[in-house]
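Notes to accompany the following structure.
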Amino acid sequence: MSVGVTWLVEGHLLLLNSWGKVNVDELAEMDTRVNIMLENAQVPLVHGIHDHSRAQQIPSAKDLMKVKAGQNPRVGWLIIIGLDNKLMKFFVSVAGQVLNIRLRFMNSLEEALAFLQDIDSTLPDLKSLDLAAAESRIHQNAVTLEKLPEAS
1483 MSVGVTWLVE GHLLLLNSWG KVNVDELAEM DTRVNIMLEN AQVPLVHGIH
1533 DHSRAQQIPS AKDLMKVKAG QNPRVGWLII IGLDNKLMKF FVSVAGQVLN
1583 IRLRFMNSLE EALAFLQDID STLPDLKSLD LAAAESRIHQ NAVTLEKLPE
1633 AS
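Just so we're aligned: 1610 in the working numbering is position 128 of the sequence shown, and the numbers increase by one with no gaps anywhere.
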């Protein structure tokens, strides 16, 4: 249905959210956008939080392996939220190991932010982020084939 991305910390920390059923075309378009954002970043490593807690379905493991952004040398930590399918988690973990990606699965955005705050001293205070504004930006630039749900 849709996927969107925005900077939580400009040039340093990305937030990607997905809703409904994400298809392969949406995934490919988002991959292109994320790669551009990574290439334009001014820091050596850019962290990403991918929140799939509102996704009903994401593309298959085979399709996820085609994502090029994960292979970008600027990728720092990748935190995945809301991936409940144990088989998909296994495939994503294996892909992360094969591609040498720093990967963690977490239960909430707050948990992900606390983890990143602990491991990267160059990040500003993440507790002060305006998450509602970030959510709004994600909705505004989302790749979608259907109407987006209203931001809460």
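By construction, the Cβ of each residue, glycine as well, lies at the ideal position given by its N, Cα and C atoms.
Return the CA-CA distance between residue i and residue j, expressed in angstroms with no decimal places.
i	j	result
proline 1541	serine 1603	34 Å
proline 1631	serine 1484	Residue confidence for proline 1631 is low, a pLDDT of 49 falling below 50, so the modelled location carries little weight and cannot support an answer.
glutamine 1539	isoleucine 1601	31 Å
methionine 1519	serine 1535	23 Å
valine 1516	glutamate 1492	13 Å
valine 1625	glycine 1486	6 Å
aspartate 1607	alanine 1596	10 Å
leucine 1498	leucine 1585	15 Å
serine 1610	leucine 1490	11 Å
lysine 1571	glutamine 1524	31 Å
leucine 1605	alanine 1615	19 Å
serine 1500	histidine 1532	8 Å
valine 1504	glutamate 1521	24 Å
valine 1506	aspartate 1612	30 Å
alanine 1537	arginine 1556	26 Å
leucine 1565	threonine 1488	20 Å
glutamine 1592	leucine 1527	Correcting the residue identity first, residue 1592 is glutamate in this sequence and not glutamine. Their Cα atoms are separated by approximately 21 Å.
isoleucine 1568	serine 1575	Sequence inspection shows lysine at residue 1568; the isoleucine mentioned does not correspond to that position. If I take the Cα positions, the gap works out to 10 Å.
glutamine 1599	glycine 1552	21 Å
Go ahead and pull the three-state DSSP assignment for residue i.
i	result
aspartate 1602	coil
valine 1574	helix
serine 1464	With the chain covering 1483 to 1634 only, the question about residue 1464 has no answer from this structure.
leucine 1581	coil
glutamine 1622	helix
Can you name, in chain order, every residue of its own chain whose Cβ lies under 6 Å from the Cβ of residue i, other than the five neighbours on each side?
i	result
leucine 1495	His1529
leucine 1509	Pro1541
tryptophan 1559	His1529, Arg1584
Looking only at its chain, what residues have a beta carbon closer than 8 Å to the beta carbon of residue i, apart from the 5 residues adjacent to it on each side?
i	result
lysine 1550	Asp1513, Asn1517
Apart from the five residues just before and just after residue i, which ones in its own chain have a Cβ nearer than 7 Å to its Cβ?
i	result
methionine 1588	Ile1561, Ile1563, Ala1594, Phe1597
serine 1590	Ile1563
asparagine 1554	Asn1517, Leu1520
glutamate 1511	Val1625
aspartate 1545	Val1506, Leu1509
Determine contact between the stretch 1574-1583 and the stretch 1620-1627, defined as no fewer than three beta-carbon pairs at a distance below 8 Å. Contact fails between the stretch 1574-1583 and the stretch 1620-1627, because fewer than three Cβ pairs, one in each stretch, are under 8 Å apart.
As an exercise, report each continuous beta strand (DSSP E) stretch of at least 3 residues that is fully enclosed by the stretch 1491-1570, in chain order. Note on the stretch 1491-1570: whole beta strand (DSSP E) runs with a minimum of 3 residues are 1495-1503, 1528-1539, 1557-1563, in chain order.
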